[in-house]
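Student:
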Amino acid sequence: QTQGVSDTEVVLGSVNDLSGIFAAVGVPAVNGANLKFDQVNAAGGIHGRQIRFVVEDHAYQLPKSTQAYNKLINRDQVFANLLSLGTPHNLAGFQLMDPKGVFNINPLTAAREMLKEPVDNKFTGFSSYYDQTTAGMRYLAKEYGLTKVCTMYLPTDFGLEISNATKEQAESLGMTFVSETTHKPDEQEFVGAVQKLRSDGCEVVTMALGVRAGITVVGTAKQLGWTDVKFLATSAGFLEAVAAVPGGVTDGLYAASGWVDLQARRDDPAPAKFIAEYEAAFGQPATGFAMLGYNAADTVVRALEAAGPDLTQDSFRAAMEGLEYYSDLLDTQIKYSPENHQGANDITISVVENGLWKLVGRE
Amino acid sequence: MSDLLLEVRNLETFYGPIMAIRGVSLEVRKGRVVTVLGANGAGKTTLLKTISGIMDPEKGKIIFEGQEIQGWEPHRVVKAGIVHVPEGREVFPLLTVEENLALGAYTRSDKAEIARDRDLVFNYFPILAERRKQEAGTLSGGQQQMLAIGRGLMLRPKIMLLDEPSLGLSPLLTQEIFAILKRLNQDEGVTMMLVEQNAAVALDLADDGYVMELGRIVMSGTADRLAASEDIQSFYLGHDTEGARGERRWKRKKTWR
Amino acid sequence: MSLLELDSVTLKFGGLTAVNDLSMSVEEGQVFALVGPNGAGKSTVFNLISRFYTPVTGSIRFDGKDVLKMAPHEVPNLGIARTFQNIELFHQATVLQNLLVGRHRHRKTNMIAQMLHLPSVRAEEREHRHAVEEVIDFLDLQPYRNSRIAGLPYGVRKVVELGRALASKPRLLLLDEPASGLSVEETQNMRWWIDDIRRHMGITVLMVEHDMGLVGKVCDRVLALADGAKLAEGTPAEVQSHPKVIEAYLGTNAVSKGGKVA
Amino acid sequence: MEVLQLLISGLANGCVYGLIALGFVLIYKATEAVNFAQGDFMMLGAFVTLGLVNPEYAGIPFWLALPLVFLIMGVLGYLLDIVVLRAVFGQSQVAVIIVTIALGFVIRFAVGEIWGHEPQSLRSPLALGDVRIGELVLGLADIAVIIVTLIMTFLLWQFFQRTKMGLAMQAASQNQMAAYYMGIPVKRIQGMVWALAGIVAAVAGILYASKGALDPTAGFIGIKAFAAAVIGGFGSLPGALLGGLIVGVIEPFASRYLPPGWSQIAPYALLIAVLLFRPHGLFAQVRAKKV
Amino acid sequence: MRFHFKTDYDQDIRLFEDGWTFSLYAALLVLALALPLMIDPFFLGEATNVLIWAIAGLGLMLLTGQTGQVSLGHSAFMALGCYSCVLMMEANVPFVLAFLLAGVITGVVGALIAIPALKLHGVYLAIATLALAILADDIIVLLKEWTDGVNGKMSPPIDLFGYEISRWNNPIEWYYLTLAVVLMVTLFYRNLLRAPLGRAFAAVRDSEISAQAMGVNVAQTKTIAFGISCAITGLGGALMGLFAGAFNNETFNFLLSIQLLMMIVVGGLGFIHGAFLGAVVIAFLPQVLSMTTDLFGRGVAIPGLESGVFGVILILFILFEPMGLYGRWLKIRTFLELFPFARKDMFKRQKSYLKTERLR
Ligand SMILES: Nc1ncnc2c1ncn2[C@@H]1O[C@H](COP(=O)(O)OP(=O)(O)OP(=O)(O)O)[C@@H](O)[C@H]1O
Ligand SMILES: Nc1ncnc2c1ncn2[C@@H]1O[C@H](COP(=O)(O)OP(=O)(O)OP(=O)(O)O)[C@@H](O)[C@H]1O
Ligand SMILES: [Mg+2]
Ligand SMILES: [Mg+2]
């Protein structure tokens, strides 16, 4: 008997941030996944099994997340977790999941440790922040010949990934690392930081900030008349709301990410369908993270289907490792293999133009 | 009786499970001074607090000018014309003397009259005028007591409930206070209910009196009658300290128990 | 040598001279009263002795030791206990606990021993309790032993405060208006208590009191204060008949709870 | 020039803290309660405005919406007092602290439910446009913040200093029983001050939202405003403003001149330093008790 | 109704008032000891969690409930306890020693911090300590050589005299370990309360001026209270970190301090029982909420529902009984004891009024 699997049901879990500082990421992602699962369940489930998706809120706090993992794994007996948010939170969860072989699929963190040993039960959805940042810097260096790179970051796992990428990869890209500033999530005034980076002569600034802060930084730089600089965000800042700030405040902001922006493609058939379905279900506009959530659920569903009626941890792993398809929702190719547990390797580079993200490059 | 101003009927007040007032009834007639005597913990303070709405009674009625006022919020009671000069001063410690007095006139709006009354208070207690800018919390105990009384006067009440007005005042000032109260009563017709440990002066000023013990009224009558009672004389006036009790340390039994 | 000596002590609050070049001395075994109009500086003198205030000039000595060199919490260790005019009890605690705090200066065990509740701690606790029960018996506080201060009438609180001071077994007791708010009967009790405190316990008493009846009966010596300076000093009778005291303090028609005074 | 720019931006920044701190102080001065939800009040005020003004919601013209916002927030503050705070009237301050913290949770939840968790921008006429004086740049919103804060502080200060109601509020905070003895309707007055705090929060929220994006966690800057109020001497209105300015100014300077990792510590380190030397803040409201 | 006829001072000094009370607590202890036999590992983990919260709560209770100082900085001391314990364990200090030393270190640091903080009262102390809690987060990041900054540390398994205890392999042993710490802390706490130091705490809380006049060194007493409080909380923090399996700077976020304060108020400020009742509420409520939402089917995950409902429940708790759960229990008990003589509105709150705390 496989944990979390019965003849009529397969239990999936997620430990997410529904009320903490990353609720803007966690909530739409969970909604997106729910949308997909509801559709699948309504259509009769997979091999006769309904999907039960249990979501726990950790509000971005570690002790709460262990509590949540304990509940999901020991009480709800989940088969797999998906979309779990936060690097340390996931790492703590591995301690419980690894001994039981519970899968961790497409966690909502782009940290490289998401594929640490034992890698058997771990799958990620898209490129890491590290790779995204590197790709973004490469693009800007090539396109504009910029060489002086700086970073602004929150002292969190997320911030550290991006600042490390900036510092470690600058040289290999023919750039020099010049300066850095750190911030707190509740900061709202960036004149000092922007002045500092400006006087240090930064040409590219990688950003690992909260969404609200990121918008303010770009706005402040504009206000102070600092125009000969490129700000580069990652998938964490790759949100419609950032592009849609009135007055063109964020115009010219770059973002490197693992997918192509949803709103920019809202007239294409797959995104249009998703946007309509999502808005009908939740009464809120669909966002990139909703799309990610939907896609992760889709990946799991495909694997469950491929694993066949006899669902075990081994059959599921084999199914995941054989998955290969083009996601027209994300506009990226998804391919897993026994050697590669990272689904999408594409990195997209976009820039804000007229209130929308415009795709300018792809790796 | 048309000149009945305040009437308390069968009042019971509790502190949680503790019954502090056990069915008290009393009457205060317009223009009279009524004193309530009683030992420690008899419930005098509780009685006054219940009348002024600071505490809620559980049973019974308080009728002021024909209106039932029990259970009212205290500020409404004040508006109706009852002012309570509390035990233990209760001044506003971080406000100046002047501001404390100004608050006494909170319910009034006639500026000229207020100014006149304030000058009157300053006239009664010149030290307050001298210290008008001092924070009330730094006044000496007696000075705070003067302020509390002065503040009560500023309200221009129909009836004043005075809880131990002479507490901590010098003998000279005690005499002056009682002279002032007498004047207020006689010239301005202010009715008073007076709780006072200094029974001699209280009975001297009062027209009627009640004696409370353990939450009940045990004796009542005109002040003169009470003053003549043997029990009152020995327990509240201390007449026999030198005589009957003398250097004896045991106490005589109270006959009303 | 006197037990307590104040030598030309002066204290100012801003422009106000609350105590003005005051000298006084209290002999061992005396009951000494400080009287004077409201705001004369009597409580301030107490606060100076308790080290809540530091005088601008002058010295305060207790049993030859310089009180001004002590921190406020060290003063009780000299054997000085006090009560407050406006009652400062630990209002959330019971009477018993209040009195036990009075024993604080007699504690012997340290924190670790107390945490482990070693036998020495228990022995000490019994000892404190014994001392406190004596005070309770003396002041007739038995009915209130386990009542919280918050629910006690004013008069009882005054007595509890006296008890708390007594529990510390002081050599000098400072009483700020011990009889204010007490009825005649209770004032009489207070008189006997003060007498016993002096006679049987051998404690010197310095008190502030407006009830001249009480002062006349229990005090050996009276000092009248006005505007922070000495007005008169002597036996109760001498001070009470001093014309300046009558004018500034007593009035011509002084009454005390126990009847007419003069 | 750079220094001047930092200073001016810092002042504008500090005024936002000052405005929130004003809300804290207001309630403290009149009730001695500490409202830990004031930051969330501000956030709520901003979202209410956003809900009324932004085209994707009600789309009412900004200036027309303002009185409506004040009304809504005032009523909310008053209701809050009636429904929640009156039940703990006369109870220890810790109870009020817990209640307001919990209230913050509820407000954050409700706002997230109604307006979502993604950052949004208020369509405020103040958000657009800068003012340039030589090399100095200031947003319109910054200037508005400075002016409004100065006016509000002055008005509130005068209100407490000069009016009968202000005096009664102070009295009610110092001794509720005695205030009742004076005929002051203590509970009603407290309700009014909560309503007033709601309005002040709305003003702060509107100005805050005009300066940048807004999301339900914006209320957390209340903590810095708290630090500001304490530095100023909790309970002093000019102190709140001064504290806000100090915290606001130290921030840009710290991030400009301190090494990364240290700059964010500055406001809190400053708070601790101030308290070390002035335990009750710059305009201390605490006195030694006379016995 | 039980009557107490006291014939001996020891009756007031003893831990238990009488045989009845003693048997009550003995039964409780037996129940606690037998708990692992009765519930599954998941709930046992939750029970352990409750006990850990209770330890941390007892620490804050000593300071806030007994001495009257409100601290919002205790998350910093939990962090200190946790990091110091784990660092020592990593340096091969035996667990028992590392654990106790972690308490001592936290206590000493707490006392040192208390010395300047002593001049502060009420809101000022609360905010200064809140600043401390916020700073702790940054300091952990700055000390990344030791603390591994934001990446955090994995908790090493506990080696108890050669016997390994790990959270996932032997939850029962973990539970007993926690229970032992709880018993020790509770006993120390009780002992303090019935000794001069405990009375000095209460004296400082109620009136600093008269405490001073009774010879209580207010500064020293507060320092000691702060120190002991921090030590206990540090132990709680160490257990919390070890139990969580992994921890970093955000684990001991200032929100933890706020939860801790909520916990002791909801439980009943000033009572040892309050810390436990509060811990049950704080640790179990989220679980209960998430189980109830599971019960109602998955539906649409409502973001932040948990903290929203949590807030509402806390508000209701306080409105229903500002004295906390234990206060309510005391009333119920009195009612039952007096039955049938209790009046219905015996516990109706008489109006109460506050006076300023700005006078010291
Ligand atoms: N807060 C309280 N909680 C419980 N009981 C109280 C409370 N306040 C007073 N009591 C009880 O109520 C009774 C009456 O007290 P009250 O203060 O009215 O007496 P009093 O006559 O004014 O005494 P005193 O002359 O000493 O001022 C007392 O027995 C007291 O024990
Ligand atoms: N902290 C202070 N600040 C300013 N003035 C003060 C302060 N403390 C006392 N005073 C003033 O000093 C004078 C002496 O006060 P004190 O309390 O000693 O008087 P007292 O003799 O005890 O009077 P009472 O009999 O009324 O208690 C008073 O005028 C008082 O207003
Ligand atoms: Mg009384
Ligand atoms: Mg005095």
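Chains as they are written, first to last, in this note's numbering: chain A, 686 to 1048; chain B, 41 to 297; chain C, 32 to 293; chain D, 108 to 398; chain E, 79 to 438.
Glycine included, every Cβ here is placed at the ideal spot set by N, Cα and C.
Residues in the same chain with beta-carbon distance under 8 Å from D/L208, minus the five sequence neighbours each way, listed in chain order, please.
Tutor: The question names Leu, but residue 208 of chain D in the sequence shown is Ile. Excluding residues within five positions, the ones whose Cβ falls inside 8 Å are F143 and A144.
Student: Nearest-angstrom Cα distance between A/K881 and D/Y364?
Tutor: 7 Å
Student: Going straight from the alpha carbon of C/A293 to that of B/S210, what length do you get?
Tutor: Note on C/A293: pLDDT 37, under 50, position unreliable in the model; the coordinate value appears next. Each residue's Cα considered, the two are about 15 Å apart.
Student: Name the residues in the stretch 110-124 of chain C whose C-beta lies less than 8 Å from a C-beta of chain D; which are they?
Tutor: F115, Q116, N117 and E119
Student: Please check if any C-beta of chain A sits within less than 7 Å of the C-beta of E/E384.
Tutor: So yes, E/E384 belongs to the interface.
Student: Span of the beta strand (DSSP E) holding A/Q854?
Tutor: Unbroken run through A/Q854 is the alpha helix (DSSP H), D842 to Q854; no beta strand (DSSP E).
Student: Are there 16 or more other CB atoms within 10 angstroms of the CB of A/T751, so buried, or fewer, so exposed?
Tutor: buried
Student: How many Å lie between A/A893 and D/L111 at the Cα?
Tutor: Their backbone Cα atoms lie some 28 Å apart in a straight line.
Student: By alpha-carbon positions, which one of B/E216, B/I257, B/L193 and B/L212 ends up nearest to B/L160?
Tutor: B/L193
Student: For A/L697, count the other beta carbons within 10 Å of its own beta carbon; 16 or more makes it buried, fewer makes it exposed. Which is it?
Tutor: Buried, by the Cβ-count rule.
Student: Per DSSP, what kind of secondary structure is B/K173 in: helix, strand or coil?
Tutor: coil
Student: Verify whether the separation of the beta carbon atoms of D/G130 and D/V307 is less than 7 Å.
Tutor: yes
Student: Using a Cβ-Cβ distance cut-off of 7 Å, determine whether B/M59 contacts chain E.
Tutor: By the rule that beta-carbons nearer than 7 Å mark a contact, B/M59 does not touch chain E.
Student: For E/C160, which of E/I183, E/I193 and E/H351 has the nearest alpha-carbon?
Tutor: When only C-alpha atoms are compared, the closest one is E/I183.
Student: Mind reading off the beta-carbon distance from A/K787 to A/I758? Whole number of angstroms is fine, and I expect it under 8 Å.
Tutor: Note that residue 787 of chain A is Val in the sequence shown here, rather than Lys. Correct: roughly 6 Å between the Cβ atoms.
Student: So, does the CB of D/M150 fall closer than 7 Å to a CB anywhere in chain E?
Tutor: With 7 Å as the cut-off, D/M150 does not count as an interface residue toward chain E.
Student: Write down every uninterrupted run of the beta strand (DSSP E) in the stretch 711-787 of chain A whose length is 3 residues or greater and which is fully enclosed by it, in chain order.
Tutor: 735-742 and 765-767
Student: Compile a chain-ordered list of the residues in the stretch 809-841 of chain A whose CB is closer than 7 Å to at least one CB of chain E.
Tutor: P840 and T841
Student: Should E/F120 be flagged as near chain A, meaning a C-beta pair shorter than 7 Å?
Tutor: Interface annotation, E/F120: in contact with chain A, CB-CB separation under 7 Å.
Student: According to a CB-to-CB cut-off of less than 8 Å, which residues of the stretch 60-94 of chain C neighbour chain D?
Tutor: S74, N78 and F83
Student: DSSP state of A/V700, grouped into three classes?
Tutor: strand
Student: Using a Cβ distance threshold of 8 Å, determine whether the stretch 184-201 of chain C contacts the stretch 119-129 of chain C, with at least three qualifying pairs required.
Tutor: yes
Student: Nearest-angstrom Cα distance between B/T86 and C/D242?
Tutor: 25 Å
Student: Taking one C-beta from the stretch 60-70 of chain B and one from the stretch 1033-1047 of chain A each time, how about it: are there three or more such pairs within less than 8 Å?
Tutor: Cβ pair count under 8 Å is below three, so no.
Student: Can you tell me whether B/M233 is helix, strand or coil according to DSSP?
Tutor: strand
Student: Excluding the 5 residues preceding and the 5 following A/T836 in the sequence, name in chain order all residues of the same chain whose CB lies nearer than 6 Å to its CB.
Tutor: S848, T851, E865 and T891
Student: Identify which residue in C/T218, C/E105 and C/S56 has its Cα closest to the Cα of E/V294.
Tutor: C/E105
Student: In chain E, which residues lie with their C-beta within 9 Å of the C-beta of B/Y55?
Tutor: Under the 9 Å cutoff, chain E gives Q428.
Student: Please tell me whether, using a cut-off of 6 Å, the distance from the CB of B/N80 to the nearest non-hydrogen atom of ligand 1 is below it.
Tutor: yes
Student: Any idea what DSSP makes of B/E98, helix, strand or coil?
Tutor: Three-state DSSP puts B/E98 in coil, outside helix and strand.
Student: Does ligand 4 have a heavy atom nearer than 6 Å to the CB of C/K73?
Tutor: Yes, since a heavy atom of ligand 4 falls inside the 6 Å radius drawn around the Cβ of C/K73.
Student: Keeping to the same chain, check which residues put their C-beta closer than 7 Å to that of D/Y135; ignore five residues upstream and five downstream.
Tutor: Excluding sequence neighbours, D/Y135 sits near V141, F341 and G342.
Student: At what residues does the beta strand (DSSP E) containing A/V835 begin and finish?
Tutor: Strictly speaking, residue 835 of chain A in this sequence is Cys, with Val absent from that position. Segment K833 to Y838, the beta strand (DSSP E) holding A/C835.
Student: Please classify E/G377: does DSSP put it in a helix, a strand, or coil?
Tutor: Bear in mind that the predicted position of E/G377 carries a pLDDT of just 45, short of 50, making it too unreliable to give a figure here.
Student: Jot down the residue ranges of each uninterrupted beta strand (DSSP E) in the stretch 80-144 of chain C, minimum 3 residues, whole runs only, in chain order.
Tutor: 88-93 and 111-113
Student: A/E872 to E/L141, Cα distance in whole Å?
Tutor: So the alpha carbons of these two residues sit roughly 32 Å apart.
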